[in-house]
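> Residue numbers (our numbering), protein chains in the order written: chain D, 792 to 1111; chain Y, 4 to 652.
Glycine included, C-beta positions come from ideal geometry on N, C-alpha and C.
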Amino acid sequence: MRSVLDPAGPQAAHIAALWWWMFWIFSTVFVLVIAALLVGIFRARARDDAVMTSPSVALQPTRERRIGWTVAACVGLTIVVLIIFLAANVITGHRLALLAADNAVTIQLTGYRWWWKVRYPDPVPARQVTTANEIHIPIGRPVLINTDSQDVIHSFWVPSLHGKRDLVPGNPSAIWIQADRPGRFEGQCAEFCGLQHAHMRLLVIAESEENYQAWLEAQRQAARAPSDPLAQRGLHVFETGPCALCHSVRGTEASGQVAPDLTHFASRATIAAGTLPNSPGHLAAWIVDPQHIKPGNAMPSNSLSPEDLQALLAYLGGLK
Amino acid sequence: MSHDHDAEKNKDTVLSEAELRVRLEQIWKSPDGFTGWFKNVFHKPISERMIITSFVFFALAGLLALLMRVQLAVPENTFLSPDLYNQFFTVHGSTMMFLFAVPVMQAVGLYFVPLMIGTRNLAFPRLNAFGYYMFLIGGLLLWVGLALNIGADTGWTSYVPLAGPEHSPGKRVDFWAQMITFTEIASLVAAVEIIVTTFKLRAPGMSLNRMPIFVWAMLVQSFMVIFAMPSVMLASGFLAMDRLVDTHFFNQAEGGDPLLWQHLFWFFGHPEVYIIFIPATGMVSALVQSFARRPIVGYTAVVLSLIATGFLGFGLWVHHMFAVGLPQLGQSFFTAASMLIAIPSGVQIFCWIATLWSGRVIVRTPLLFVAGFIAIFVLGGLTGVMQASVPFNLQVHDTFFVVAHFHYVLIGGAVFPLIGALYYWFPKITGRMMSERLGGWNFWTFFIGFNLTFFPLHQLGLAGMPRRVYTYLPETGWGSLNFIATVGAAILGIAVLMFLINVTISWRRGALAGANPWHADTLEWSVPSPAPVYNYLYLPTVNSRTPLWTKAEDQPIVKGLRADILEVLVTNLLDAMPDHRHLLDGTSYWPFLTAVAVGIGIITAIFTPWGVVIGSVLAFICLAGWFWPHGEPVPDSSREAGPPVQEAA
């Protein structure tokens, strides 16, 4: 679910309200101008072409003065409309600035080509949560998202919650969001960042405080060691194969830092930054030939034996 | 004193009209043959080339747009690869902005300003030819890159660090950066031409407050070019240096700043929009006046609006950067400036409507395009004002809403007036009328196709579709609106084709136009169509803002210019009082050779810094040739002898 006009939080709601104000006022202006244009043309339309060869219509001073005043009045009206617009804009800006910021959740968001690293900082390093492409937030609480980028400029945008904030490398910035109702709010990178800009999506999941806390607690845990033999073989493939060079799974030897953290991979709804649903079939296709699905992304193709692939899928599928 | 004797013998005061016509015909005519093509320095043929070249680029970039629309017609389409799509939208945007919109407006200006102010050529004829070749080479460079499948692929804005050496290896972005260098030189050249020509070569009597509004518009545009273009040349120069010789202007890690790029780019980029739009408003003013059969309402207000737009246009650039999170106070300033600029635009629109309202309107194709322009531009302008609001801007920035907005203001605000103006001035260029029947069809297809293509994009933007995406997933629900837009694009393509067909057919078979088919008021309509190579047999004088409508029975003409050399009359800046006679440069190969030399330098600099050295040496040699004195010096108009006489016709 995503739309500027379907707000789920106070910021987006204020902006949507501003939009409707502007929409009705400006629509009125538009209709009036077009009406004036059409009436002007039709009432002054010359019926015979002889007018074309006459030098110019005669100008009467009193009429010209009247026309001048009419134009001046229209300009005056324009200024009034602009002042109303400015006022609406200032009020909206003020409302956005006044949103409560206490009891806030803080999230660190870093853009990569082409995925999002999401970190929930904690004073205790072991309790810190790192995930990717999905942001869980509690409803009714303000959320401070600190932004940064690892490579090029990206832009964080979830239309149902708020406008954009660019992720400029080396220029950390921040944006406040808040969701007032539970839901899954889609977003997408909004600053062109190269080949796979189109497939750099993210999901904000707003849920009740209890669900959020439960989720956070689950994410804090290291990955559980697999119990069935197939998944155990999968772990072996993961740790000894190329996967671990880039990805990390807390609680295992895989500690690569350049790709999404997969500790609780199976709890996420999508793979490859919202490109595919997270199902075993899609995952298999992704692992074997990611360059076909998302050409240019950093993950290489992998030629695994069918058995290894099945094992890997079983392992990853167990990373709840 | 045989020289003086010669001079006297060749003056238009002693020659009969027929003799004069023959002499002027000889001395002002374009050189013949293939080699002659490279020697030409006359404003009409050079501008004609520039108009045609920019329309070729327009057609090519339009074709890319069609291919992109096909790719976006349905979700997860595989018609274009992401790489190709990125190259296409980059080259589409860069071409439309740098190789079509700005050059075509300047070309129309370079063609008509000398005619409208009553002189025989631009102030620096050779420089003008040089500018055309720079534009041509720059355009070819960008398109050769695309043709070799190594086209620029970082968007027409080429944001760093994406366009920097680390994230865009190879030479793709360099093609783009150097294309900027070429086209900006060309724009600056045209701007200088127009400013000096309007300031110094106006017909006696055409004081500043009697200049046609189109000339005013070109003048304001030229000043904007002079202040805006250096900014982007600096930016693209920095970028090329970062990429070629490892400077760190934009490298955060070494103390550079990626936001510096955005500031420099948009300090040019926003005025650029007005650089395109202002000449278009000048065209609209000319058309409204002719087709409402009366002088424009509020001449002074319209001219002041143009000037105000020229200034305010430089105060808006940060509204392209609200999402990077700049200080609040700065944002408020740019919100206010972005709103203010709506006022001068509003003034002009009200004046045009009032002119139509109080005139006798003749509905012809050019007027249809004016009406279409007002409808589309007002809508685009209103969505523009919306984006002055920081909170709303943050939502729609970099989405299809913005894509819709700027196509409304650029196609609606510039291409509609341009097409209308070409229907209007075509007879002066070719001597023939364009088909009125095909014109009507052309307009309605254009208008419907345009709105069908771009109106749905507003909704797509609000529904969350960012710009510059090569595809989208089906579950986004963006499919149907995108499909409608693609159908619209096909209709738009047909409309452009109809225009080109109308031009081609009418050029050969259109009805003969005569000197003034629209019975318009400005000077260019006082000469035969097509305009003679020397423009005016005797330079005209004017007595009002609408010289042909108020021409006196005994309106004086200028006499005393020589017919054996390329002489024009220089007048003073404010009142256009005759000052002295001035000899213009004639045909030469050097502008072409200098452009080639500079071109070799700039293109070699893509691969090695030595390109700058090679280019400088070659350019120095060519400029020496260009300015080498030869022949017997002709006294430049001898101020002592006084200005030429004005005689009653």
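Which chain B residues sit within Cβ distance under 9 Å of M100(Y)?
Any reference to chain B falls outside this structure, whose protein chains are D and Y.
> Taking the straight line between their C-alpha atoms, what separation do you get for I944(D) and L267(Y)?
As a first step, residue 944(D) must be located in the first sequence, where it is residue number 153. As a first step, residue 267(Y) must be located in the second sequence, where it is residue number 264. The alpha-carbon atoms of I944(D) and L267(Y) are separated by roughly 17 Å.
> Closest by CA to P801(D), which one among V1079(D), S951(D), G1047(D)?
Here residue 801(D) refers to the residue found at position 10 of the first sequence. Measuring from the Cα of P801(D), the nearest candidate turns out to be S951(D).
> Please report the straight-line C-alpha distance between L1007(D) and E79(Y), rounded to a whole angstrom.
Here the question's residue 1007(D) lines up with position 216 in the first sequence. Here the question's residue 79(Y) lines up with position 76 in the second sequence. Distance between the alpha carbons of L1007(D) and E79(Y): 34 Å.
> Along the region 984 to 1016 of chain D, where does the CB come closer than 9 Å to a CB of chain Y? Name the residues.
Only C984, G985, L986, Q987, H988, A989, H990, R992 from the region 984 to 1016 of chain D bring a Cβ to less than 9 Å from some Cβ of chain Y.
> Out of F253(Y), V506(Y), L626(Y), N396(Y), which has the shortest C-alpha to C-alpha gap to R956(D)?
Counted from its first residue, the first sequence places residue 956(D) at position 165. Here the closest residue by C-alpha is N396(Y).
> What does a CB cutoff of less than 6 Å around N13(Y) pick up in its chain, not counting 5 residues either side in sequence?
Working through the second sequence from its first residue, we reach residue 13(Y) at position 10. The residues are R565, A566, D567.
> Could you compute how far the alpha carbon of F270(Y) sits from the alpha carbon of L319(Y)?
Sequence index remark: in the second sequence, residue 270(Y) carries index 267 (1-based). Sequence index remark: in the second sequence, residue 319(Y) carries index 316 (1-based). In a straight line, the C-alpha of F270(Y) is about 8 Å away from that of L319(Y).
> How big is the Cα-Cα spacing for G240(Y) and I198(Y)?
Locating residue 240(Y) in the second sequence gives position 237, where the first residue counts as 1. Locating residue 198(Y) in the second sequence gives position 195, where the first residue counts as 1. Going from the Cα of G240(Y) to the Cα of I198(Y) covers about 26 Å.
> I want to see whether chain D comes within less than 8 Å of A345(Y), judged by CB atoms only; does it?
By 1-based counting over the second sequence, the position of residue 345(Y) is 342. True, the Cβ-Cβ gap to chain D drops below 8 Å.
> What's the gap between the Cα of N1088(D) and the Cα of N89(Y)?
Taking the first sequence and counting its residues from 1, one reaches residue 1088(D) at position 297. Taking the second sequence and counting its residues from 1, one reaches residue 89(Y) at position 86. Those two C-alpha atoms are separated by around 15 Å.
> Roughly how many angstroms lie between the CA atoms of A608(Y) and A1105(D), to the nearest whole one?
The residue labelled residue 608(Y) in the question sits at position 605 within the second sequence. The residue labelled residue 1105(D) in the question sits at position 314 within the first sequence. Cα to Cα, the separation comes out at about 55 Å.
> What residues in the region 359 to 392 of chain Y bring their beta carbon closer than 9 Å to a beta carbon of chain D?
L359, W360, S361, G362, R363, V364, I365, V366, R367, L370, A374, I377, A378, V381, L382, L385, T386, V388, M389, A391, S392
> Does the distance from the CB of F294(Y) to the CB of P369(Y) come in under 8 Å?
The residue you call residue 294(Y) lines up with position 291 of the second sequence. The residue you call residue 369(Y) lines up with position 366 of the second sequence. Cβ distance < 8 Å, so F294(Y) and P369(Y) count as in contact.
> Using 10 angstroms around the beta-carbon of W860(D), count the other beta-carbons present and answer buried if the total reaches 16, otherwise exposed.
For the purposes of this step, residue 860(D) is identified with residue 69 of the first sequence, where counting begins at 1. So W860(D) counts as exposed.
> Mind checking if D1080(D) is an interface residue toward chain Y, Cβ cutoff 8 Å exclusive?
Taking the first residue of the first sequence as position 1, residue 1080(D) is located at position 289. Not one chain Y Cβ lies under 8 Å of D1080(D).
> For chain D, check one thing: does any of its Cβ atoms lie closer than 8 Å to the Cβ of T549(Y)?
Your numbering for residue 549(Y) matches position 546 in the second sequence. T549(Y) counts as touching chain D.
> So with CB distances below 7 Å, who are the chain D contacts of N89(Y)?
Counting from 1 along the second sequence, the entry for residue 89(Y) is found at position 86. The contacting residues are L986.
> What does the Cβ neighbour count give for D249(Y), buried or exposed, with the cut at 16 atoms within 10 Å?
Counted from its first residue, the second sequence places residue 249(Y) at position 246. The residue is exposed, with fewer than 16 neighbouring Cβ atoms inside 10 Å.
> I want to verify the contact list: residues of chain Y whose CB lies under 7 Å from the CB of V820(D), in sequence order.
Reading the first sequence from its first residue, position 29 is the one you call residue 820(D). L385, listed in chain order.
> One question on the structure: do G604(Y) and G618(Y) come within less than 8 Å of each other, judged by their Cβ atoms?
As a working mapping, residue 604(Y) is identified with position 601 in the second sequence. As a working mapping, residue 618(Y) is identified with position 615 in the second sequence. Contact flag set, yes.
> Whose Cβ in chain Y lies nearer than 8 Å to the Cβ of A835(D)?
As a position in the first sequence, residue 835(D) is number 44, starting the count at 1. Simply A295, L359, W360, S361, G362, R363, V364.
> Using beta carbons (cut-off 8 Å, strictly below), is P128(Y) in contact with chain D?
As a position in the second sequence, residue 128(Y) is number 125, starting the count at 1. No, P128(Y) lies away from the interface with chain D (no Cβ there is under 8 Å from its Cβ).
> Residues in the same chain with beta-carbon distance under 8 Å from V1079(D), minus the five sequence neighbours each way, listed in chain order, please.
Residue 1079(D) sits at position 288 when you count from the first residue of the first sequence. S1092, N1093, S1094, L1095, L1100.
> Is the CB of I414(Y) under 8 Å away from at least one CB in chain D?
Within the second sequence, the letter at position 411 stands for residue 414(Y). Taking Cβ atoms only, chain D never reaches closer than 8 Å to I414(Y), which makes this a no.
> A1022(D) and G1109(D): beta carbons closer than 8 Å?
Along the first sequence, one-based indexing puts residue 1022(D) at 231. Along the first sequence, one-based indexing puts residue 1109(D) at 318. Yes. Within cutoff.
> Using a C-beta to C-beta distance shorter than 8 Å, which residues of chain D count as neighbours of I356(Y)?
For the purposes of this step, residue 356(Y) is identified with residue 353 of the second sequence, where counting begins at 1. Going along chain D in sequence order, the residues near I356(Y) (Cβ under 8 Å) are V824, A827, L828, G831.
> Are there 16 or more other CB atoms within 10 angstroms of the CB of N894(D), so buried, or fewer, so exposed?
What you label residue 894(D) is simply residue 103 of the first sequence in a count that begins at 1. Looking at its Cβ environment, which holds fewer than 16 other Cβ atoms inside 10 Å, N894(D) is exposed.
> If we define contact as Cβ-Cβ less than 8 Å, is P261(Y) a contact residue for chain D?
Working through the second sequence from its first residue, we reach residue 261(Y) at position 258. By this cut-off, P261(Y) is an interface position.
> Just to confirm the assignment, what range does the beta strand (DSSP E) spanning D582(Y) have?
Taking the first residue of the second sequence as 1, we reach residue 582(Y) at position 579. Where D582(Y) is concerned, the enclosing beta strand (DSSP E) stretches over 581 to 586.
> Taking 6 Å as the limit between beta carbons, can you name the residues of its chain near A644(Y), skipping five residues before and five after?
Here residue 644(Y) refers to the residue found at position 641 of the second sequence. For A644(Y), the predicted model reports a pLDDT of 46, less than 50, meaning its position is unreliable and no value from the coordinates is stated.
> Let me know the secondary structure DSSP gives D939(D) once reduced to three states.
To locate residue 939(D), count along the first sequence from 1; it is residue 148. Of the three classes helix, strand and coil, the one that applies to D939(D) here is strand, per DSSP.
> State buried or exposed for T1066(D), treating a residue as buried only when at least 16 other CB atoms are found within 10 Å of its CB.
Your numbering for residue 1066(D) matches position 275 in the first sequence. Classification for T1066(D): buried.
> Would you say F2(Y) faces chain D, with C-beta separation under 8 Å as the test?
With chain Y covering 4 to 652 only, the question about residue 2(Y) has no answer from this structure.
> So, is the C-beta of F336(Y) closer than 8 Å to a C-beta in chain D?
Within the second sequence, residue 336(Y) is the residue found at index 333, counting from 1. Not an interface residue.
> Checking the sheet assignment: what are the DSSP bridge partners for R836(D)?
To locate residue 836(D), count along the first sequence from 1; it is residue 45. The partner list for R836(D) (beta bridge, DSSP) reads V364(Y).
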